[in-house]
């Protein structure tokens, strides 16, 4: 079975500061990993994905994530936070054997302080 | 990118009535769609996997007779909440898989309030 753990349900950063959201996964097969962002009362928008190509993945809105197999991690970073980055972020792992069913982490809510 | 449209975006219904939520892939065909439920300030909980032309696969603990799923075409899946009660109030989200990129695209969600 696959699982995802996001460390920290809430993260508060100052505008312009580094954003770091942690994600660790468990998977018995090489994983496909995803980061999604959710704004209030909306669906999920894909930020970036890892599908066994480059371990450093660049996404939209200046976000990037690095796949580290030895640490079973896929942490999300952004060098400089913007007020518009305030949202809920979800890390997910895909089960390719089950029609690409996603298992989500608990989510991390990001607050950006002016 | 691929677009998934979910309708309605919000609905209020009376206790005991049924509500149907539609999930459409607008510019691609999806043999598999997923339905999730999300409680306030929580993550997404998978309810069921919807497969075109066959019965849905429900996750453990999800009542299949209460949450009816139909995937009649490659672009449409519906979730019907039957005999809704206040405890069914929640945010429901669907996703469709674009197979060639193994990526899920999400609808905008439906806020259901049962009064």
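Protein chains in written order, with this note's numbering: chain A, 40 to 153; chain B, 973 to 1087. Note that beta-carbon positions come from the ideal geometry of N, C-alpha and C, so glycine has one too.
Item to check | Neighbourhood of residue 985 of chain B by C-beta, 8 angstroms cutoff - its chain only, sequence neighbours within 5 removed | outcome: Numbered from 1 along the second chain, position 13 holds the residue referred to as residue 985 of chain B. 991, 1056, 1084, 1085, 1086 and 1087.
Next on the checklist: Quick check: what's the CA-CA separation for residue 1035 of chain B versus residue 998 of chain B?
Outcome noted: In the second chain, residue 1035 of chain B corresponds to position 63, counting from 1. In the second chain, residue 998 of chain B corresponds to position 26, counting from 1. Spanning the two alpha carbons is a distance of roughly 29 angstroms.
Next on the checklist: Rounding to the nearest angstrom, what Cα-Cα distance links residue 1024 of chain B and residue 72 of chain A in this structure?
Outcome noted: Sequence index remark: in the second chain, residue 1024 of chain B carries index 52 (1-based). Sequence index remark: in the first chain, residue 72 of chain A carries index 33 (1-based). Going by the C-alpha atoms only, they are around 25 angstroms apart.
Item to check | Proximal residues of chain A, C-beta to C-beta of residue 974 of chain B below 8 angstroms | outcome: Taking the second chain and counting its residues from 1, one reaches residue 974 of chain B at position 2. Under the 8 angstroms cutoff, chain A gives no residues; its nearest Cβ is about 10 angstroms from residue 974 of chain B.
Next on the checklist: In whole angstroms, give me the CA-to-CA distance for residue 1043 of chain B and residue 88 of chain A.
Outcome noted: The residue labelled residue 1043 of chain B in the question sits at position 71 within the second chain. The residue labelled residue 88 of chain A in the question sits at position 49 within the first chain. Cα to Cα, the separation comes out at about 27 angstroms.
Next on the checklist: Please tell me whether residue 83 of chain A has its Cβ less than 8 angstroms away from any Cβ of chain B.
Outcome noted: Position 44 of the first chain holds residue 83 of chain A. Closer than 8 angstroms: yes.
Checklist entry - What residues from the segment 986-1016 of chain B come within 7 angstroms of chain A, judged by C-beta to C-beta, listed N to C? => result 1004, 1006, 1015 and 1016
Checklist entry - Are the segment 49-60 of chain A and the segment 134-144 of chain A touching by the rule of at least three beta carbon pairs closer than 8 angstroms? => result no
Checklist entry - Quick check: the segment 973-982 of chain B against the segment 1064-1074 of chain B, are there 3 or more CB pairs under 8 angstroms? => result yes
Item to check | 3-residue-minimum beta strand (DSSP E) runs that sit fully inside the segment 982-1069 of chain B, ordered along the chain | outcome: Complete beta strand (DSSP E) runs here, min 3: 982-985, 991-997, 1004-1010, 1016-1023, 1039-1045 and 1048-1053.
Checklist entry - Which same chain residues, not among the five before or five after residue 1016 of chain B, have their C-beta less than 7 angstroms away from its C-beta? => result The count along the second chain starts at 1 and reaches residue 1016 of chain B at position 44. 1008, 1010 and 1065, listed in sequence order.
Next on the checklist: Suppose contacts are defined by Cβ-Cβ distances below 8 angstroms. Is residue 113 of chain A in contact with residue 130 of chain A by that definition?
Outcome noted: Position 74 of the first chain, counted from the first residue, corresponds to residue 113 of chain A. Position 91 of the first chain, counted from the first residue, corresponds to residue 130 of chain A. In this structure, residue 130 of chain A lies closer than 8 angstroms to residue 113 of chain A by Cβ.
Checklist entry - Under a Cβ-count criterion, where at least 16 other Cβ atoms within 10 Å of its own Cβ denotes burial, should residue 1013 of chain B be classed as buried or exposed? => result Within the second chain, numbered from 1, the residue matching residue 1013 of chain B stands at position 41. Label assigned to residue 1013 of chain B: exposed.
Checklist entry - Would a C-beta distance cut-off of 8 angstroms place residue 149 of chain A and residue 43 of chain A closer than the cut-off? => result The residue labelled residue 149 of chain A in the question sits at position 110 within the first chain. The residue labelled residue 43 of chain A in the question sits at position 4 within the first chain. Not closer than 8 angstroms, so no.
Checklist entry - Of all Cβ atoms in chain A, is any one closer than 8 angstroms to the Cβ of residue 1080 of chain B? => result On the second chain, position 108 is the one that residue 1080 of chain B refers to. Answer yes: the Cβ-Cβ gap between residue 1080 of chain B and chain A drops below 8 angstroms somewhere.
Checklist entry - What residues from chain A crowd round residue 1044 of chain B, counting only those whose CB sits closer than 7 angstroms? => result Counted from its first residue, the second chain places residue 1044 of chain B at position 72. Under the 7 angstroms cutoff, chain A gives no residues; its nearest Cβ is about 18 angstroms from residue 1044 of chain B.
Checklist entry - Looking only at its own chain, which residues have a Cβ that is under 6 angstroms from the Cβ of residue 1003 of chain B, when we skip the five neighbours before and after it? => result Start at 1 with the first residue of the second chain, and residue 1003 of chain B comes out as number 31. Cβ neighbours of residue 1003 of chain B within its own chain (closer than 6 angstroms, five residues either side excluded): 1024.
Next on the checklist: Between A/75, A/125 and A/98, which has its C-alpha nearest residue 50 of chain A's C-alpha?
Outcome noted: By 1-based counting over the first chain, the position of residue 50 of chain A is 11. Taking only the C-alpha atoms, the option nearest residue 50 of chain A is A/125.
Item to check | Contacts around residue 1037 of chain B, its chain only, beta-carbon distance under 8 angstroms, and the 5 residues preceding and following it disregarded | outcome: Along the second chain, read from residue 1 onward, the residue named residue 1037 of chain B stands at position 65. 1054.
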